[in-house]
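Everything below concerns the one structure shown next.
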Ligand SMILES: Cc1cc2nc3c(=O)[nH]c(=O)nc-3n(C[C@H](O)[C@H](O)[C@H](O)COP(=O)(O)OP(=O)(O)OC[C@H]3O[C@@H](n4cnc5c(N)ncnc54)[C@H](O)[C@@H]3O)c2cc1C
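Numbering (this note's numbering), first residue to last: 7 to 342.
Take a look at the structure:
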């Protein structure tokens, strides 16, 4: 499915729910407080006809992606400055739809990984609706995937593996080429705000934006939505008194693995800006040896994919049987 199809299908599902009213085309301008304890008690919106309206609320879930509404509210209510961790990655995308063509070897989808750190370009081809293939290119820094048709094909041709180029070289392009920039991964540590406002709860990318090249953001957002659902089932008395702090603390734990999985590979590139862990070299050696093993061993490959897609915990990669094999691979690499 293309992204617009996923979003349309989800929106229709939501619109079908009887207790939900969708106010399309409106924009939240501010979170407001009418209480002397500076709890969040409503939102000010600009409606589709341009009029302004204030809606009162018991609970605001800030799923705005950028999360600046929550940050702004914390500032306006003079709360302690928010701690953030960021990793500047400067990732660029270009993507387009092509007429469905045969992918060599009958592959269902192909992901061409970069030869890091010398090269940061990667490519992905995936079948999509309406008999199309979506082709997504990513690069870093100055290595920007182009939006001109011929240059786009040229970029695909220079990927480390030729499969994607061979699949699309004669295929008709069905859409414009769309660029997208992702400057930095950013994790806002809302759980550390001691007096987090009652009536407000950030979620998804509003808490943490992971580098999209690792494809984890939607999974994490869905896990957080499930966490919120579960908490609301179990809380009684005055749930809003503890909901946000409990949710934000548990979300912080939930985010640790995906963050580690995207932060470490990004630090492979010297131009990435952020706080590098002291044992970075060991971790990078481990990771690249694991990648080489996965290319040869289906079982390790499957495990690695499941861990990367947040289906299994990262700790499984610390299993002694895997660590031993990775160490042998590293030793072989230095001696051979
Ligand atoms: C190029 C790219 C590729 C990605 N690929 C993948 C992938 O393959 N797999 C994966 O799991 N994740 C991927 N992600 C990450 C994923 O898209 C996000 O993690 C996920 O969409 C976060 O969901 P969200 O609901 O928190 O925010 P969003 O999906 O960003 O939704 C926020 C919504 O809030 C609206 N909004 C913002 N401000 C306001 C306001 N003031 N008033 C009203 N509405 C507002 C926005 O218009 C938007 O509709 C990708 C991201 C990008 C950018």
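Note that beta-carbon positions come from the ideal geometry of N, C-alpha and C, so glycine has one too.
This structure is a prediction, so every number in the text was calculated from the model and none was measured.
*Quick one: Cα of residue 59 to Cα of residue 50, how far?*
Residue 50 has its alpha-carbon roughly 6 Å from the corresponding atom of residue 59.
*Identify the continuous alpha helix (DSSP H) that holds residue 118 and give its terminal residues.*
Unbroken run through residue 118 is the beta strand (DSSP E), 116-118; no alpha helix (DSSP H).
*Does any heavy atom of ligand 1 sit closer than 7 Å to the C-beta of residue 307?*
Because no heavy atom of ligand 1 lies under 7 Å away, the Cβ of residue 307 does not count as near it: no.
*Mark residue 20 as exposed unless 16 or more other C-beta atoms lie within 10 angstroms of its C-beta, in which case mark it buried.*
Residue 20 should be labelled exposed.
*Which of helix, strand or coil does DSSP assign to residue 249?*
Helix.
*Is there contact between the region 121-140 and the region 160-167, where contact requires at least three CB pairs shorter than 8 Å?*
They touch, by the three-pair rule.
*Exposed or buried, what is residue 223 when buried is set at 16 or more other beta-carbons lying within 10 Å of its beta-carbon?*
Classified as buried, residue 223 has 16 or more neighbouring CB atoms from the shown chains inside 10 Å of its CB.
*residue 311: beta carbon under 7 Å from a heavy atom of ligand 1?*
Not so, every heavy atom of ligand 1 lies at least 7 Å from the Cβ.
_Among the candidates 93, 108, 33 and 202, whose CA atom is the shortest distance from the CA of residue 76?_
Measuring from the Cα of residue 76, the nearest candidate turns out to be 202.
_Validate contact between the region 127-138 and the region 7-21 using beta carbons, cut 8 Å, 3 pairs_ = Counting Cβ pairs under 8 Å, three or more are found: they touch.
*Residues sharing a beta bridge with residue 221, DSSP*: As far as DSSP is concerned, residue 221 takes part in no beta bridge.
*residue 424: beta carbon under 7 Å from a heavy atom of ligand 1?*
The first residue shown for the chain is 7 and the last is 342, placing residue 424 beyond what the model contains.
*Go to residue 38, then tell me how far its beta strand (DSSP E) extends in each direction, as first and last residue.*
Per DSSP, residue 38 belongs to the beta strand (DSSP E) from 33-38.
*Looking at the structure shown, is residue 125 part of a helix, part of a strand, or coil, going by DSSP?*
It is coil, neither helix nor strand.
_Which of the three DSSP states is assigned to residue 111 in this structure?_
Here residue 111 sits in helix by DSSP.
*Could you tell me whether any non-hydrogen atom of ligand 1 is closer than 7 Å to the CB of residue 134?*
Not under cutoff, so the answer is no.
*residue 186 vs residue 275 beta-carbon contact at 8 Å*: A distance of 8 Å or more separates the beta carbons of residue 186 and residue 275.
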